[in-house]
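Comments concern the structure below.
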Amino acid sequence: IVWTQADGWHDAQVLPYGPIAMDPASSVLHYGQEIFEGMKAYRRADDSIVIFRPEENARRLNESAVRLALPELPVELFVEATKRLVEIDADWVPRGADQSLYLRPFMIADESFLGVRAAQRARFMVIASPAGPYFTGGVKPVSIWLSQDFARAGHGGTGAAKCGGNYAASLLPQNVAAENGCQQVLFTDAGDPDVIDELGGMNLFLVRDDKTLLTPALNGNILPGITRKSLIQLAKDRGYAVEERAVTVTEWREGVANGSIVEAFACGTAAVITPIGQLKSPDFTIDFGDAAPGELTLSLREELTGIQYGTHEDRHSWLTEIPSA
Ligand code: PMP
Numbered sequence: 111i112v113w114t115q116a117d118g119w120h121d122a123q124v125l126p127y128g129p130i131a132m133d134p135a136s137s138v139l140h141y142g143q144e145i146f147e148g149m150k151a152y153r154r155a156d157d158s159i160v161i162f163r164p165e166e167n168a169r170r171l172n173e174s175a176v177r178l179a180l181p182e183l184p185v186e187l188f189v190e191a192t193k194r195l196v197e198i199d200a201d202w203v204p205r206g207a208d209q210s211l212y213l214r215p216f217m218i219a220d221e222s223f224l225g226v227r228a229a230q231r232a233r234f235m236v237i238a239s240p241a242g243p244y245f246t247g248g249v250k251p252v253s254i255w256l257s258q259d260f261a262r263a264g265h266g267g268t269g270a271a272k273c274g275g276n277y278a279a280s281l282l283p284q285n286v287a288a289e290n291g292c293q294q295v296l297f298t299d300a301g302d303p304d305v306i307d308e309l310g311g312m313n314l315f316l317v318r319d320d321k322t323l324l325t326p327a328l329n330g331n332i333l334p335g336i337t338r339k340s341l342i343q344l345a346k347d348r349g350y351a352v353e354e355r356a357v358t359v360t361e362w363r364e365g366v367a368n369g370s371i372v373e374a375f376a377c378g379t380a381a382v383i384t385p386i387g388q389l390k391s392p393d394f395t396i397d398f399g400d401a402a403p404g405e406l407t408l409s410l411r412e413e414l415t416g417i418q419y420g421t422h423e424d425r426h427s428w429l430t431e432i433p434s435a
């Protein structure tokens with residue numbers, strides 16, 4: 111679907127997957143006006159297909175659009191486009207645990223000019239791809255690398271937007287994490303290296319022994335994860351307190367040492383909920399106890415995936431059902 115300043119959104123089409131033509135002077139190629147979303151369609155035991163909270167992705171896309179000076183897309187259009195694609199690609203929604211059809215809605219500026227200004231033409235597209243588990247080897251704790259040389263986002267920057275440029279900046283630190291034997295990088299605040307932001311593609315939670323979850327607040331630097339928001343709700347439903355505030359590495363280390371922080375996990379659409387087993391940096395390595403994932407981590411994972419795959423009641427109406435052909 112195409113947007114122009116003069117005509118708004120128009121020309122919605124469903125096309126077979128393939129390359130798209132693009133002018134070399136297209137503004138996205140030079141100034142990076144690009145935003146995207148990541149979401150999944152799940153096939154349930156009764157063969158029905160659902161998408162998880164697509165309105166949340168639509169709203170977040172629009173927040174990203176505002177920050178990147180791109181046009182907003184009506185929420186109904188976003189939901190309609192994603193539903194329609196899944197309906198057409200229904201045969202590609204795989205069966206089984208941890209299997210899904212990954213959806214990648216995205217928007218690019220594609221007016222052709224070389225001066226620096228916001229484009230007056232944009233395109234919104236959705237592509238789909240069957241996906242298995244993000245980390246292979248089941249629900250095993252992952253190691254994360256504390257990035258001290260690089261920040262992902264600065265104050266007043268684009269950290270809260272899901273734009274390609276944020277990921278461009280995170281690839282080198284992610285490589286450094288991999289060189290140090292870690293699966294993910296942990297970013298801290300650009301101004302205070304003790305304050306935790308998020309992982310390369312996930313939000314972070316700590317579990318305290320007094321039925322409390324700690325997670326970095328939405329401070330404008332981190333992505334407002336939809337899995338994060340959903341887990342806060344599920345935890346509150348169980349009577350847990352949730353503290354959304356600045357969380358520090360020092361607090362994490364001290365809490366593990368004195369036994370008050372009992373679990374740590376990362377969450378996101380791709381990785382669902384993944385326990386964190388180890389935090390490494392050039393200066394220290396902390397092992398968070400034994401190799402087994404924490405009890406709450408596993409039970410929240412079970413509940414969230416249960417809602418998505420239809421074995422638990424969808425009591426918050428998070429699912430959008432795809433009409434069967
Ligand atoms: N932070 C970052 C940087 C991410 O890329 C993602 C994945 N979209 C998340 C957090 C988790 O967000 P969500 O739960 O909406 O997938």
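Note that my numbering has the sequence shown beginning at 111, numbered continuously upward.
By construction, the Cβ of each residue, glycine as well, lies at the ideal position given by its N, Cα and C atoms.
Just so it is clear, the structure is predicted and the values come from calculations on it, not from any experiment.
>> For alanine 168, report the span of its alpha helix (DSSP H) as first-last.
In response: Residue mapping note: residue 168 aligns to position 58 of the sequence shown, counting from 1. 164 to 177 is the span of the alpha helix (DSSP H), which, as asked, contains alanine 168.
> Could you give the C-beta distance for alanine 151 and serine 210, rounded to a whole number, given that I count them as a contact under 8 Å?
Replying inline: Translated into positions along the sequence shown, residue 151 becomes position 41. Translated into positions along the sequence shown, residue 210 becomes position 100. Contact holds; Cβ gap of about 6 Å.
> Between methionine 312 and the ligand PMP, is the CB less than 7 Å from at least one heavy atom?
Replying inline: Position 202 of the sequence shown holds residue 312. Because some heavy atom of the ligand PMP lies under 7 Å away, the Cβ of methionine 312 counts as near it: yes.
>> In the DSSP assignment, the beta strand (DSSP E) including glutamine 204 goes from what residue to what residue?
In response: Numbered from 1 along the sequence shown, position 94 holds the residue referred to as residue 204. According to the sequence displayed, residue 204 carries proline and not glutamine. In this chain, proline 204 is not harboured by any beta strand (DSSP E), its DSSP state being neither H nor E.
>> Tell me which residues share the same chain as threonine 114 and place their Cβ nearer than 6 Å to its Cβ, disregarding the 5 neighbours each side in the sequence.
In response: As a first step, residue 114 is located in the sequence shown; it is residue number 4 there, counting from the start. The answer, listed in chain order, is Arg231.
> With alanine 229 and aspartate 220 assumed to form a contact (beta carbons below 8 Å), what rounded beta-carbon distance in angstroms separates them?
Replying inline: What you label residue 229 is simply residue 119 of the sequence shown in a count that begins at 1. What you label residue 220 is simply residue 110 of the sequence shown in a count that begins at 1. The pair is a contact, with the Cβ atoms about 7 Å apart (cut-off 8 Å).
> Going along the chain, which residues of its own chain have a beta-carbon closer than 6 Å to the beta-carbon of arginine 233, five neighbours each way excluded?
Replying inline: Working through the sequence shown from its first residue, we reach residue 233 at position 123. Cβ-Cβ distances below 6 Å link arginine 233 to Val112, Ile218, Asp220 in the same chain, with the five nearest sequence neighbours on each side left out; the list follows chain order.
>> Measuring straight from C-alpha to C-alpha, what distance separates leucine 296 and aspartate 117?
In response: Against the sequence shown, residue 296 aligns to sequence position 186. Against the sequence shown, residue 117 aligns to sequence position 7. Whole-angstrom Cα-Cα distance: 43 Å.
> Apart from the five residues on each side of it in sequence, which residues of its chain come closer than 6 Å, Cβ to Cβ, to glutamine 418?
Replying inline: Position 308 of the sequence shown, counted from the first residue, corresponds to residue 418. Closer than 6 Å at Cβ, skipping near neighbours: Tyr152, Phe162.
> Just to confirm, are proline 326 and leucine 314 a CB contact at a threshold of 8 Å?
Replying inline: As a position in the sequence shown, residue 326 is number 216, starting the count at 1. As a position in the sequence shown, residue 314 is number 204, starting the count at 1. The answer is yes: Cβ separation under 8 Å.
> What's the gap between the Cα of alanine 238 and the Cα of glycine 369?
Replying inline: As a position in the sequence shown, residue 238 is number 128, starting the count at 1. As a position in the sequence shown, residue 369 is number 259, starting the count at 1. Alanine 238 and glycine 369: Cα-Cα distance of roughly 44 Å.
> What does a CB cutoff of less than 7 Å around proline 181 pick up in its chain, not counting 5 residues either side in sequence?
Replying inline: Within the sequence shown, numbered from 1, the residue matching residue 181 stands at position 71. Only Trp113, Ala175, Ala232 meet the Cβ criterion.
> For valine 124, which option in Val185, Arg194, Pro134, Tyr141 has the closest C-alpha, if you only look at C-alpha atoms?
Replying inline: By 1-based counting over the sequence shown, the position of residue 124 is 14. For valine 124, the closest C-alpha among the options Val185, Arg194, Pro134, Tyr141 is that of Arg194.
>> Nearest by alpha-carbon distance to proline 184: which of Ala207, Arg177, Glu173 is it?
In response: One-based indexing of the sequence shown puts residue 184 at position 74. It is Glu173.
>> Can you tell me whether proline 326 is helix, strand or coil according to DSSP?
In response: Translated into the one-based positions of the sequence shown, residue 326 becomes position 216. DSSP places proline 326 in strand when its eight states are reduced to three.
> How many Å lie between alanine 356 and threonine 268 at the Cα?
Replying inline: Walking along the sequence shown from the start, residue 356 turns up at place 246. Walking along the sequence shown from the start, residue 268 turns up at place 158. One C-alpha to the other measures close to 19 Å.
> Is valine 112 helix, strand or coil when you go by DSSP?
Replying inline: Residue numbering aside, residue 112 sits at position 2 when the sequence shown is read from its first letter. It is a strand residue.
> Of the residues Val236, Met132, Gly248, which one's Cα is nearest the Cα of serine 222?
Replying inline: For the purposes of this step, residue 222 is identified with residue 112 of the sequence shown, where counting begins at 1. When only C-alpha atoms are compared, the closest one is Met132.
> Nearest to glutamate 405 by CA position, among Trp428, Ile396, Ile371, is which residue?
Replying inline: By 1-based counting over the sequence shown, the position of residue 405 is 295. Taking only the C-alpha atoms, the option nearest glutamate 405 is Ile371.
>> Can you tell me where the alpha helix (DSSP H) holding arginine 342 begins and where it ends?
In response: In the sequence shown, residue 342 corresponds to position 232, counting from 1. Strictly speaking, residue 342 in this sequence is isoleucine, with arginine absent from that position. From DSSP, the alpha helix (DSSP H) with isoleucine 342 extends over 336 to 347.
> Should lysine 272 be labelled buried (16 or more other beta-carbon atoms within 10 Å of its own) or exposed?
Replying inline: The residue labelled residue 272 in the question sits at position 162 within the sequence shown. Buried.
> Is any heavy atom of the ligand PMP found at a distance shorter than 7 Å from the C-beta of alanine 414?
Replying inline: Residue mapping note: residue 414 aligns to position 304 of the sequence shown, counting from 1. For clarity, residue 414 is leucine in the given sequence; the question names alanine instead. No, the Cβ of leucine 414 stays beyond 7 Å of every heavy atom of the ligand PMP.
> The beta strand (DSSP E) with glycine 395 in it runs from where to where?
Replying inline: One-based indexing of the sequence shown puts residue 395 at position 285. Residue identity differs from the one stated: residue 395 is threonine in this sequence, not glycine. 395 to 397 is the extent of the beta strand (DSSP E) around threonine 395.
> Helix, strand or coil for threonine 280 per DSSP?
Replying inline: To locate residue 280, count along the sequence shown from 1; it is residue 170. A quick correction: the sequence has serine, not threonine, at residue 280. In the structure shown, serine 280 falls within a helical segment according to DSSP collapsed to helix, strand and coil.
>> Taking its Cβ as the centre, do 16 or more other Cβ atoms sit within 10 Å of phenylalanine 146, making it buried, or is it exposed?
In response: In the sequence shown, counting from the first residue as 1, residue 146 sits at position 36. The residue is buried, with at least 16 neighbouring Cβ atoms inside 10 Å.
> Is there contact between the region 243 to 257 and the region 385 to 392, where contact requires at least three CB pairs shorter than 8 Å?
Replying inline: yes
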